[in-house]
Structure formats: structure tokens, C-alpha cells
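Mapping the sequence shown onto our numbering, position 125 (from 1) lands on 174, and the numbers just tick up by one. For glycine and all other residues, C-beta sits at the position ideal for the given N, C-alpha and C. The model shown is predicted, which means the values in this text are computed figures rather than measured ones.
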Amino acid sequence: MTEHVDRSEPEPAAAPVSSAVTPADAADAARLVAFGLQPKLQPARDQEYTELLRRYRENPPFARLADAVAAGLGLVVLEVSPRAGMAVTAAEDSVFAVRMGDYARRTSADSGDRFLHGLAHLAVAALAFPRPEDLADDGYIGRVSVNGVDAFVRQACRRLEERAEEQGENTDPATDAPGLEAAWRIWARRSATGATKDARRPAASTTGIVAKAVGFLTDSGFLHRTGDESGGTYRTTARYQLQVRDLAGGAAMAELLELGVVPVTDGTASLLPAEDTDDLDLVADAGLPFHS
């Protein structure tokens, strides 16, 4: 009689679905990041961009891969959504980071102008989103104008000068001092418009500096130009709201908003007084959206 030998073996476990990253996946993730580096590109106008955004939201491994590609380039992902696309900002050590000093030198060799350009960007952000709830509301659209920003800064300068006099501080120009306390002295003494033979706005005037700031923000996809009134009118984009939201904790931003000057939000030059507030420490070279 033949002995029966049970040679049966346990059923092998089902092979796990492969999660290996393919070259095609890496290429798609890099492509999505590349779309994010084109701030003026609207997802709704590009089918491939829209599809990659959908894949990011619905496929966690792909999302992690895209995040890793961005991180490798020194980029911080602020949001990935149909409204903002893949909104990224450059970390301080990124090759894509814009330095305030480099930006200012493109316009003027005057070392004092570095503070003015930083203050202009700070003022645009503060005027566009003057309240925390404005930054928190995804549907909020800020509106600014070149003349309105200049008027806002000049009223802030007057408030800073009053505070300096109250505290008995030296009001002589100090272009090498950091923060708003140095910038207001330079801004207040600078002509708002100046004059050229062909009636153009001089780049060194304060409205010229603001125009440079809003032009840069428009080219970067942060603002949209809406008209020519008041030196040029602009509205904010979702990307700019995310950018300002990411950087709004800076003390210089808070300093400008807490000076006792509350701007209206339609971009006009009308300003209203507010309650006095306690002084805040300043952060040097805190111009948005630059690295010092």
C-alpha cells in the first residue's frame, strides 16, 4: 500500500501591488512642479495642468513624489488646488529665491532704496490684506493702486515720525539702520512723483518705486492689473494671498498694520485713523516676498 504524503503547501500570499516609482511618474511630478513655477498660468486653461492637479489630489504617492521634487529644488508647496494651481514659494537657500538686495540694485545703486523697495512690497501686502480674516477667506480679493499705496506709506511715515518725536528719538536720516524706522525717514523726504522732460514717472520717486513693486508682483502672477486710474489699479490673486498668508507673521508686517493707520480695501488713497497700539519689534529687511 502506498503511503499518502500530503505535499500541499499553504497558498502563497498575494503579491503586493508594486508601488515603485517609474521614470514616467517622476517626469509627471516634475512637470507639475514646472507648471507651478509659471505663476501666470491658470490651471483651467491647460488640460495637462488640470489633470496633474487632479492626480496630485487623488493619488497620495504621486503627491508625495511631487512634494519631494519641489523640496529638492528648494521650493515650499503652499497649496495645490484648482484655484491656485501648484502654488510654490522659494525657500531661502533655493536657486529660485529672489533677494531684496538684487531686486533693488536692478533699479538703483542707492543703498537707501533697498529699504524703500522693501517697504513698498510690505505696504502692498498690508493694503491688500489689512485684516486677518481677509487672509483667511479664500474668496477675498484685495485691491490696491499705486497712488493709494504711496498715500498709505506716507501716512504711516507721519505716524512713525510722531512716535519718534514722542519718544524723543533722533529724527535725522539714518539710511544704514534696519527696518521701518530707517525707511520712513527716506520715504518721507523722497518726491512722490518728481518730473521728467517727457512727463514720465521717475523710477526713484516713491510712486515709481511702488510701480516697480506692483509690476514685479504682476509679472510674478500675484496681481492682475485692472486699470490705469490712480497710477494703476490692481487686484490680488489666490497665489498672492497664499504668499502673504505664509509670511504675515513677520514683525515688520505687523508693525506697519499696527501704526494706527487702517486702510480701506478698494485701492484708493483714503485712510482712516485707528486706535494706538503697543510698539512691536522690527525685523530687518522684511520686504515681501523676498529673502534678506
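Closest by C-alpha distance to residue i, when choosing among the options
i: residue 281; options: 167, 216, 83 and 193; result: 193
i: residue 237; options: 262, 208, 261 and 252; result: 208
i: residue 204; options: 114, 176, 191 and 142; result: 176
i: residue 137; options: 256, 85, 69 and 99; result: 85
i: residue 91; options: 276, 275 and 271; result: 271
i: residue 73; options: 145, 268, 115 and 88; result: 115
i: residue 186; options: 95, 268, 291 and 89; result: 291
i: residue 269; options: 75, 174, 69 and 88; result: 88
i: residue 375; options: 109, 141 and 97; result: Absent from the model: residue 375. The displayed extent of the chain is 50 to 341, so no value can be given.
i: residue 235; options: 180, 69 and 206; result: 206
i: residue 106; options: 267, 78, 94 and 83; result: 78
i: residue 139; options: 82, 260, 99 and 264; result: 82
i: residue 416; options: 99, 264 and 111; result: The question about residue 416 has no answer here: the residues shown for the chain are numbered 50 through 341.
i: residue 69; options: 264, 180, 113 and 273; result: 113
i: residue 256; options: 202, 275, 213 and 267; result: 202
i: residue 174; options: 75, 274, 276 and 266; result: 266
Distance CB(residue i)-CB(residue j) smaller than 8 Å
i: residue 210; j: residue 233; result: yes
i: residue 377; j: residue 172; result: Outside the displayed span of the chain (50 to 341) sits residue 377, for which this structure offers no information.
i: residue 178; j: residue 191; result: yes
i: residue 254; j: residue 241; result: yes
i: residue 80; j: residue 102; result: no
Opposing strand residues paired with residue i [DSSP bridges]
i: residue 130; result: 134
i: residue 272; result: 285
i: residue 194; result: 282
i: residue 139; result: 124
is_contact[residue i, chain B] using C-beta, thresh 8 Å
i: residue 252; result: The chain inventory of the structure shown lacks chain B, comprising one protein chain alone.
Heavy atom of the ligand MN within 7 Å of residue i beta-carbon
i: residue 127; result: The ligand content of the structure shown is nil, which means the ligand MN is not present either.
**Report entry** Contact between the region 159-178 and the region 126-136 (3+ Cβ pairs under 8 Å)
**Finding:** Flag = no, the region 159-178 and the region 126-136 do not touch.
Query raised in the report: Three or more C-beta pairs closer than 8 Å, one from the region 287-295 and one from the region 118-128: is that the case here?
Result: They touch, by the three-pair rule.
Report task. Take every Cβ of the region 285-292, pair it with every Cβ of the region 100-120, and state whether three or more of those distances are shorter than 8 Å. Result -> The region 285-292 vs the region 100-120: no contact.
Query raised in the report: How about the region 184-201 and the region 262-281: do they share at least three Cβ pairs that are nearer than 8 Å?
Result: Yes, they touch.
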